[in-house]
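Quick note on this note's numbering: the sequence shown kicks off at 290 and runs consecutively.
What follows is a set of notes on a single structure, which appears directly below.
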Amino acid sequence: MLGSIEAGGTKFVCAIGTEEGEILDRITIPTRTPNETIPEVIQFFRKEKISALGIGSFGPIDVKKESPTYGNILNTPKLAWQNYPFLETMQNALQVPIGFTTDVNAAALGEYVFGAAKNLQSCLYITIGTGIGAGAVFQGELLEGLSHPEMGHIIVRKHPDDSFEGVCPYHHDCLEGLASGPAIEKRWGKKGAELSDVKKVWELEAYYIAQALVQYIMILMPEKIIIGGGVSNQTSIFPLIHQQVKELLNGYFTPPLLNDNIVDYIVKPGLNGDAGIIGGLVLAKRELEN
Ligand code: ADP
Ligand code: ZN
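See below:
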């Protein structure tokens, strides 16, 4: 039996499952302070007797195994979690091998092994929710260097009619600053879910997301791009993104997936909302094998 945690800014999803990616039990715990949330998480896994755990966490986090602060949450705006030794706490409590990465890396891994990118050699998963983040898998390995990538904070070309200043506390009008759920809400004065029938909202959203995807394509050339997160529930955005990505690429590349078949290239998750939690099971399995 394997354990998985998808640690988000609003909730922790904890699950027990198999190495085939089957979820057998799960609970959702609200993200309060570590002292309130973590004991409940530990209690859940103690009663289930797991042999390994995989954690996909909100970040930024320290993912470098050789670092003295490996497994810690770093300078998050959620102050109670700043410098929290997440991995060490779980290791001390559970005494099992634990894999640790970002929430989007875990989701990318889940989609790579069991979801929309099954049988491919690479994929990129992007979430558009409270924040924007992306993870990529190439030949089965998560893309990480000096740290994990922060693909939500890239700089995009501002739309000439968009005077919104952006919501990113670090960069103001980076991709996350202009196109995350909170950016949509602040720019238009309503939550995204209440703006379904306002076409210009989703055209502008697609304008920014398409730019980001084109940059990911140019730099990484993944075999599939998967878009998840709350804002992607707005399904009318997919055709707009397909169209704008094709326009930006402008026929530079010849593969059909980047042209007429782009609907098969930029897709919804194959695992629905479970990509992250199933990816955690994959991480756990890998940690056990190591
Ligand atoms: P989180 O990023 O916190 O894990 P979500 O992925 O659910 O959670 O993203 C939450 C964000 O998505 C909020 O800003 C919310 O307004 C937005 N959102 C949720 N549902 C929709 C929807 N149907 N259409 C547009 N935006 C949505
Ligand atoms: Zn930013």
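Where is the CB? At the ideal position from N, CA and C, for every residue including glycine.
S521 is positioned such that its CB atom lies no closer than 8 angstroms to that of K479.
Contact holds between the segment 560-570 and the segment 303-312, because three or more Cβ pairs, one in each stretch, are under 8 angstroms apart.
Distance check between I350 and each of G297, Y401, E325 places G297 closest, using alpha-carbon atoms only.
Rounded to whole angstroms, R335 and L383 show a C-alpha spacing of 7 angstroms. Close CB contacts of I526 within its chain, under the 8 angstroms cut and outside five residues either way in sequence, are with W491, E494, A495, I498, V520 (chain order). For E355, the number of other beta carbons within 10 angstroms of its own is below 16, and it is reported as exposed. Using a cutoff of 7 angstroms, the CB of A495 does not count as near the ligand ADP, since none of the ligand's heavy atoms is closer than that.
Listed in chain order, the beta strand (DSSP E) runs fully inside the segment 312-391 are 312-319, 341-346, 387-391, counting runs of at least 3 residues. Taking the Cβ atoms as the reference, K513 lies roughly 6 angstroms from Y554, within the contact range of under 8 angstroms. In the three-state reduction of the DSSP assignment, F301 falls in the strand class.
The beta carbon of V487 is closer than 8 angstroms to those of W477 in its chain, skipping five residues each way along the sequence. Between N548 and I316, the alpha-carbon positions lie close to 42 angstroms from each other. Judged by the Cβ position, H437 fails to qualify as a neighbour of the ligand ZN at the 7 angstroms threshold, every heavy atom of the ligand being at least this far. Take K367, set aside five residues on each side of it, and no residue of its chain has a beta-carbon closer than 6 angstroms to its own.
Using a Cβ-Cβ distance cut-off of 8 angstroms, the segment 368-379 and the segment 411-419 are not in contact, since fewer than three pairs of beta carbons, one from each stretch, lie closer than that value. With fewer than 16 neighbouring CB atoms inside 10 Å of its own CB, T299 falls in the exposed class. Looking at I294, Y401, L342, the one whose alpha-carbon comes closest to that of G559 is Y401. For Y505, the shortest separation between its Cβ and any heavy atom of the ligand ZN does not lie below 7 angstroms. Contact annotation: the segment 338-352 touches the segment 383-392, with at least three C-beta pairs closer than 8 angstroms. Rounded to the nearest whole angstrom, the CA to CA distance from Q523 to A482 is 7 angstroms.
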